[in-house]
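Heads up: the structure comes next, in structure tokens.
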Amino acid sequence: TTNINLVDAVEYISLVKKQLMSISENISLEFNKLYNDLNERLNDFEIKIEIPRLAKRQKRRINISTNDPEEYFKIALFIPFLDSYIQQLNDRFINHKNIISGFQMLMNSSTFNEERLKELVEFYSSAIDSFDIVKSEILLRNCYLDNSNIKIKNAINILNNCNSDLFPNVFKLL
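Start counting the sequence shown at 1; every next residue gets the next number (UniProt numbering).
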């Protein structure tokens, strides 16, 4: 939704990943539940789950030597799908968690962390000045915010209260 905070979204994605990892750790039990549920539904329509035809020399698809449809579909579909989904979450969101948490420093002066700032500056190095300049701007801006009693509620609010002439790098980061 448009109202979700980016940090909250990353935390939510971390919870989803944790749940998927739990499923992955208990893969046989979890897939058995899904398979049995599907099998019951298909029985209502008199449809039987079968293993696709296997070839002696397979090049284009997985060729699992098992006679059990449940085992076949667990190995051929469920495990690769789950692994791929977890990897996609990592690639798209979790790996950027430190970058995103670096933005928290721009919203809350008590969350200043030099290592996170280094990662943030490194990530946006083509758009902003050196680490020392950005660090100085953030520390000055945090003092300014603390002394002015401006209440920061979201990124739009903080952008509106950021003077681009006084804090050009902070403004670019926002």
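Ideal Cβ positions, reconstructed from N, Cα and C, are used throughout, including at glycine.
Residues near residue i in its chain [Cβ-Cβ closer than 8 Å; skip 5 each side]
i	result
I13	L89, F93, I94
I150	N161
V16	L89
E11	none
I99	E119, L120, F123
K74	I27, S28, F31, Y35
N5	N154
H96	V10
N67	I51
Alpha helix (DSSP H) segment containing residue i, residue limits
i	result
I62	Per DSSP, I62 belongs to no alpha helix (DSSP H) and is neither H nor E.
D132	131-148
R92	79-92
I172	It should be noted that the sequence gives Lys, not Ile, for residue 172. From DSSP, the alpha helix (DSSP H) with K172 extends over 168-173.
P69	69-73
residue 226	Residue 226 lies beyond the range of the chain shown here (1 to 174); nothing can be said about it.
E122	114-123
F45	Premise fails: F45 is in no alpha helix (DSSP H) and is neither H nor E.
S101	97-107
Close-in-space but distant-in-sequence residues of the same chain around residue i (CB under 7 Å, 5 per side omitted)
i	result
T1	Low local confidence applies: a pLDDT of 49 at T1 is under 50, so the model's placement there is unreliable, with the coordinate-based value given in what follows. Answer for T1: no residue qualifies.
E137	F167, N169, V170
M105	T111, F112, N113, R116, L117, I138
Residues near residue i by beta carbon distance below 6 Å, same chain, minus five either side
i	result
S65	none
I152	M107, I158
Min CB distance residue i to chain B below 8 Å
i	result
I150	Judged by its chain identifiers, the structure shown contains no chain B, having just a single protein chain.
Q. For the stretch 147-158 against the stretch 120-137, are there 3 or more C-beta pairs whose distance is under 8 Å?
A. no
Q.
Counting beta carbon pairs with one atom in the stretch 26-35 and one in the stretch 73-80, are three or more of them shorter than 8 Å?
A. yes
(Q) I'd like to know if the stretch 113-122 and the stretch 41-49 are in contact, where contact means that at least 3 CB-CB pairs between them fall below 8 Å. (A) Under the 8 Å Cβ criterion, the stretch 113-122 does not count as touching the stretch 41-49, having fewer than three qualifying pairs.
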